[in-house]
Each structure stands twice: as C-alpha cells, then as structure tokens.
Amino acid sequence: MRLRISHTTTYRYEPAATGVIQVLRLTPGSHDGQYVADWQIDVSADTKLDMHHDAFGNVTHVLTIGATEDLTITAEGLIETNDTGGVMRGTDERFPPQLFLRSTDLTEPSPAMATFTREIGGAEGDAISFLHALMTRLNDHMTFDSDPTHSGTTAAEAFTLRRGVCQDYAHVFIACARAGGIPARFVSGHFLRADGEVHQQAGHAWAEAYVPSLGWVGFDPANAICSTDAHARVAIGLDYLGAAPVRGTRYGGGLETLTVAVKVDQAGRQFQSQ
Amino acid sequence: MLSRTAENLFWLARYVERAEYLARTIDATLRVTALPNTYSGQGNEWDSALLTAGVAGSFYNHYDEANEANVVEYLSFAPTNPSSIRNCIEAARLNARSVRTALTGEMWATINSAWIELQENWSKGAKTREQLTAFLRFVQETSLRFDGSAYRTMLRNDAYWFSRLGVHLERADNTARILDVKYHLLLPEQEHVGGPLDYYQWSSILRSVSALTAYHWVYRQTLKPWLIADLLILNDSLPRSLASCYGNLVRNLDQIGVAYGRQGPAQRHARGIRNRLEHSDMEDIFQRGVHEFIQEFLADNSRLGEIVAKQYLI
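So the protein lines, in turn, are chains A and B.
Just so you know, we're using this note's numbering here: the first sequence kicks off at 1 and counts up by one.
Just so you know, we're using this note's numbering here: the second sequence kicks off at 1001 and counts up by one.
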C-alpha cells in the first residue's frame, strides 16, 4: 500500500522562548515490509538539521533555534508498505534481543499486571500464542479514551485506570511481555485507519515482541491486530521516551502550547502481483 | 509499452555500459602491467582482467596464453567472444535500431555513429599501443555521449526508466566483479604490507571505476583497503558503488510501479537488497567475509535481472 503521510507539530511560546533545542525522530527507515519513496522535514525557522542515528538505529535530527514565538515542524512523504503478517525482516538490528527485556519507569509492571500475565500462562513454551492471547485480553481489559492519560502515564497507571490511548496499550503490552520473559519494544509510527478517517490527532504507537522462531513481530494491542501494511514504522525504543517523535527543551518563555496534526492517506491504489 | 520495446531499451543500455566497463578494465590493466614486476606483483594481471570480465572460461577455448595481445584482442575485438567490446556495440546498435522511435535523435546518432566508426576504423583491431589507447578512448566517449544524451534528452517515462535499469544492473554487476576478483588485496591481513605493490594494485582498483579522486575527497588519507571496500560497496555518493546502483534501481523500479499502477517481485527483491546494503557496515562485512558477501550480492543481482525480465521484458 502506498501511504501519504504528513505529521505537523506546532509549538507556541508565550512569551517568546529565547532558545529551543529539539531531537526529532520523524524519519522512517526501510525494511523488507516498508520502502520510503520520498521523505522530507520542513521547519518554520531558519535552522540546520543535523542528522544522526541513535543507538537503536533510528534516524534523528537535532535542531537548535534562537528566540522564537512559534515553531512548526512538518514531516511528510510517501511510504510503500507490504503486509508481512507482522514479521519484521531487514530492520536495522544493533543489539541482541535480550536488551529489550530491560524495564523502564514507564514500563514497570505492577503486581496486578504480573498476575494478569501469569493467568495467560504459556510464555515459556509457545511465545507466539502467549503474545496473541496477551494482545486480545489486553484489548478487552482496556477502553480507548484519550482523556485520562498523558504522555507521562506509566503502564501500571493505565492498567489500573483500564483506559488509555495507543501509547498506553503499547506500554502495558510491553511490560507484560517482558514480565513473561519475552523481549519487547515500543514502536512509534503511523496507521491508516480502516474507517477512512484521514485526519488524526497524533501518530500511532504499537509494540514489537521477539519470537525466537520468527524474529521481531509487530503487535498493535490498541487495534488487536499484528502490524499490517496499514502501519508505517518510524522509530523504536525501550518505551515512548526512546521513540518519541519530538523531544526537547527550551530556554525562557512561559506557557507552551503544543498541537499535533497527522494526516495518513492512501496515495494512488496499486495492485501487488505475487 | 510492449515488453519487447522495454527489453530492447534495457539491453541497449546494458551493452553500452558493459562496453565502457571493458574499456576501463583494459585501461587499468595496461597501467599496472606497465610497471616493473616488483610493483605489479606475481599474479598475471591479464588473467584477472579476464576474470573481472567473466570470460576466463571461454578465453582458453580460443587462446593458450593470457598475454596482453591475446587478452586485448579477445576483450575488444574477437567475434568469438559474445561480450567483446565490438560485439557489445553491435548488439547495442541492433537493439537501438529495433526501438528507434523510442529513442531521441541524439541517442540514436551516438550509437549509430559509434557503430559506423567501428566498421570504418577498427575492423582490423588495434595494432599499436597508440591505436589501442585511441580505441579505448573512443569506447569510453561513446558511452559518455550515450549516457549524457539519454540524461539530457529523454522524456522521463517508462522508456527512460527501463534503460536506467539496464545501466545500474550492469554497473552493480561490474563493480561487484572487480571486488570479487581483487578482494584478496582488500583483506585486513594485508594491512601490514602496505608497500608500493599494494599501492599500485589498490589504485588500479579505484581507477577501473574512476574513483581514485573520489577516494581522496571522501577519506583524505592514503589508500587503505577497507576504506576502498567501504567506498565501492557502501558509499551512496559514489555513482559506481553497489549502494548507489541499488538506490537508483529501487527508485526506477518504484517509478515504473507507480506509472503502471502495479508492482511485484522485482520491486520487493530490489528493496530487499537495498535494505541489506543500507543496514550493513564494513566491519560486519569483513567479519562475515568479503568474498561471501560479494558472492551473495552477485547472485542476488543476477536474480534481480531474471525477475525484471520475467516481470517486464518477456
């Protein structure tokens, strides 16, 4: 599927900030199920975008600007995706999978989550069935609701609230998978909605878990499906903070308002011949 | 577009690229053999020229010894060698003539006048070193003119993209072949040697893909074997590197896919190779073995040729 994606982040500072530094993880990479046909980042202020790769292999850009009242960062382009049944091949792997057993503040499992994981059972034997069962149960356990949680909500808090957004679903999934001894990581990216709604309030987030016989497999607990050709993968990390699209800080200024607008649409239909 | 037309365009570009590559190989070999033996090493350079051209087997059916006269004759003029320079230009012109209307006037004029010059001036081969040098220059200039006129005059549609596919598939194959024949010179164990022998051998590898100046621009230091391998395999900005060829192949195939509203195994296969190149670094490649890496690449590359042929050309 060919996805046309545009992701706009706008910051407004009142009064003006005297300096802003941001790290952008807005640039997708290619793997066997995804080809980036075209991609660019526009920034409203004059700045140099320094490109690097972070430890996980994500493409990052660092931008530094002086005094400003507002700042708009737009990342947009075309991504060609194939459905690989969630199995990730040809990704840039820089660490052994065991690294992704490491827990973080946002993905620390609570006792209730440990019990929830134990009840599913079978993580030692059949990893793939365990992960599917975990995804289905988690999707039943939680209700999608963007009100009660924010970007700093931990997995344990969201699990107790039984409410959250895709990011919270992903955090709980990762925490439970790791509690079951399966390496798991956070994925930020974009999702073409099945209901045809093109405009979205934020990017999408899901998880990848390591199954020895298959490698990394994408699980989207908010939609209760494995990742498909509707998913465009941008960055990975141990949790949201490691894969966040924009992270940074500012000098001066007072109130900061942030608006995000995302548009994911299908560009010109193409047929896949086998 | 008829698949026959696409096939002619693809092979036309491939043959021109191959002719240029053969001319470069002969040129680089002449340079190395012009040095005293102590510099040029023990191995027979003309043998390795045959190996990089991929005709070492058939050569010995016609000749006993791989010396300058025989190899130059076989690679440049021999009617018995299906991929001699002469046969490449003839095959290119035949392909061009069948798709005359899909080409621009400039492209046709280039390939046709090259063919005429071949008949008029070079039908007896090159008798002297001066003549040979002039011939090799003629071949390289034909290729430059052809490539330049395609770039400057062709409409950007499927005709252009198919001819670019031919160029880049052939180019990737050629660069990988050079690396395959010469890889033993690039292995890290050779590091301590670093004598004049290696310097001339290494610079001849770079010269054969006209990347000697590029090397100094990129690395700003003396010739080091792993940097040469890095430049020719992974550096996206060197037009003859494997990474750059695959960047172009993937882009051209994508354009064809978009224009036809349909894509298939050729796109996926090319993207797979491109991904592997993008996510590799030289340390990994040396650890897994340069030879194995290149062998695998050559197999993947010729597999792409077959897939493209199956999907579009037949």
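We treat Cβ as the ideally placed atom computed from N, Cα and C, and that holds for glycine.
Chain A contact residues for residue i, given Cβ-Cβ distances below 8 Å
i: D1254/B; result: Y35, A37 and E80
i: E1065/B; result: Correct list: empty, because the minimum Cβ distance to chain A is about 47 Å.
Proximity below 7 Å, CB of residue i to CB of residue j
i: V217/A; j: G86/A; result: yes
i: G252/A; j: A17/A; result: yes
i: E1020/B; j: V1167/B; result: no
i: F1297/B; j: A1211/B; result: no
i: A1266/B; j: Q1311/B; result: yes
i: A1049/B; j: R1207/B; result: no
i: S30/A; j: E76/A; result: no
i: V1139/B; j: T1052/B; result: no
i: L1227/B; j: Y1219/B; result: yes
i: R1145/B; j: R1240/B; result: no
i: R89/A; j: D38/A; result: no
i: L1022/B; j: L1075/B; result: yes
i: L63/A; j: V43/A; result: yes
i: N1067/B; j: R1164/B; result: no
i: L78/A; j: A267/A; result: yes
Within chain B, partners of residue i - CB distance below 7 Å
i: G77/A; result: Those do not exist, as G77/A stays about 13 Å from chain B at its closest Cβ, beyond 7 Å.
i: D145/A; result: Ordered by position in chain B, no residue passes the 7 Å Cβ test against D145/A, which lies about 38 Å from the chain.
Residues sharing a beta bridge with residue i, DSSP
i: K263/A; result: S6/A and H199/A
i: H141/A; result: Answer by DSSP bridge pairing: none, since H141/A is not bridged.
i: R233/A; result: G189/A
i: T1128/B; result: In the DSSP output, where bridge partners are listed per residue, T1128/B has none listed.
i: I275/A; result: The structure shown does not extend to residue 275/A, since chain A is modelled only from 1 to 274, so the question has no answer here.
i: T60/A; result: H52/A
i: T81/A; result: Q34/A
i: W1226/B; result: Looking at the DSSP assignment, W1226/B forms no beta bridge with any residue, so it has no partner.
Environment of residue i [buried if 16+ CB atoms lie within 10 Å]
i: E1191/B; result: Note that E1191/B scores a pLDDT of 46, beneath 50, so its modelled location is shaky and nothing firm can be said.
i: F95/A; result: exposed
i: E1060/B; result: A quick correction: the sequence has Tyr, not Glu, at residue 1060/B. Answer is exposed; the Cβ neighbour count stays below 16.
i: W1108/B; result: buried
i: G1057/B; result: exposed
i: R1086/B; result: buried
i: S1302/B; result: exposed
i: Q274/A; result: Bear in mind that the predicted position of Q274/A carries a pLDDT of just 49, short of 50, making it unreliable; the figure below should be weighed with that in mind. It is exposed - the Cβ of Q274/A has fewer than 16 other Cβ atoms within 10 Å.
i: N1157/B; result: exposed
i: D1064/B; result: exposed
i: D140/A; result: exposed
i: A1134/B; result: exposed
i: H277/A; result: Nothing about residue 277/A can be reported from this structure: the residues present for chain A run from 1 to 274 only.
i: E80/A; result: buried
i: R2/A; result: buried
i: R1288/B; result: exposed
i: Q1201/B; result: buried
i: I1314/B; result: exposed
i: Y240/A; result: buried
i: F1162/B; result: buried
Endpoints, the beta strand (DSSP E) within which residue i is located
i: E1068/B; result: Not the beta strand (DSSP E): E1068/B falls in the alpha helix (DSSP H), residues E1068 to S1076.
i: W216/A; result: G215 to D220
i: F191/A; result: A184 to F191
i: I120/A; result: Careful: I120/A lies outside any beta strand (DSSP E), inside the alpha helix (DSSP H) at P111 to I120.
i: D38/A; result: Q34 to V43
Alpha helix (DSSP H) segment containing residue i, residue limits
i: Y1317/B; result: Coverage of chain B is limited to positions 1001 through 1314, which leaves residue 1317/B absent and any answer about it impossible.
i: A1299/B; result: V1290 to V1308
i: T1025/B; result: S1003 to T1033
i: G125/A; result: G125/A -> no alpha helix (DSSP H), and no H or E assigned at all.
i: I174/A; result: C166 to A179
i: A194/A; result: Counting along the chain, A194/A falls outside any alpha helix (DSSP H), and DSSP gives it neither H nor E.
i: D1254/B; result: L1242 to Y1260
i: W1217/B; result: L1212 to Y1219
i: L1094/B; result: I1085 to S1098
i: R247/A; result: Unbroken run through R247/A is the beta strand (DSSP E), V246 to G252; no alpha helix (DSSP H).
Neighbouring residues, chain B, relative to residue i (Cβ below 8 Å)
i: D32/A; result: R1268, R1271, G1272 and N1275
i: G180/A; result: Near G180/A there are no residues of chain B at all, since even the closest Cβ is about 29 Å away, more than 8 Å.
i: D126/A; result: Within 8 Å Cβ-Cβ: nothing; D126/A doesn't reach chain B, min ~29 Å.
i: G90/A; result: G1272, N1275, R1276 and H1279
Neighbouring residues, chain B, relative to residue i (Cβ below 9 Å)
i: G86/A; result: Chain B residues near G86/A: none, gap ~17 Å exceeds 9 Å.
i: G268/A; result: V1258 and G1261
i: G215/A; result: Chain B residues near G215/A: none, gap ~14 Å exceeds 9 Å.
i: G19/A; result: By Cβ distance, chain B contributes nothing, its closest Cβ being about 33 Å from G19/A, past 9 Å.
Interface residues of chain A facing residue i [CB-CB closer than 7 Å]
i: H1291/B; result: Residues of chain A passing the Cβ test: none, with the nearest at roughly 23 Å.
i: H1168/B; result: The premise fails here: H1168/B is roughly 17 Å from chain A at the closest Cβ pair, so nothing lies under 7 Å.
Under 9 Å from the C-beta of residue i: neighbouring residues of chain A
i: E1296/B; result: Within chain A, no residue comes near E1296/B; the closest Cβ sits about 14 Å away, beyond 9 Å.
*At a Cβ cut of 8 Å, what residues of the stretch 1204-1228 of chain B count as close to chain D, listed as they run along the chain?*
You won't find chain D in this structure, because its protein chains are A and B.
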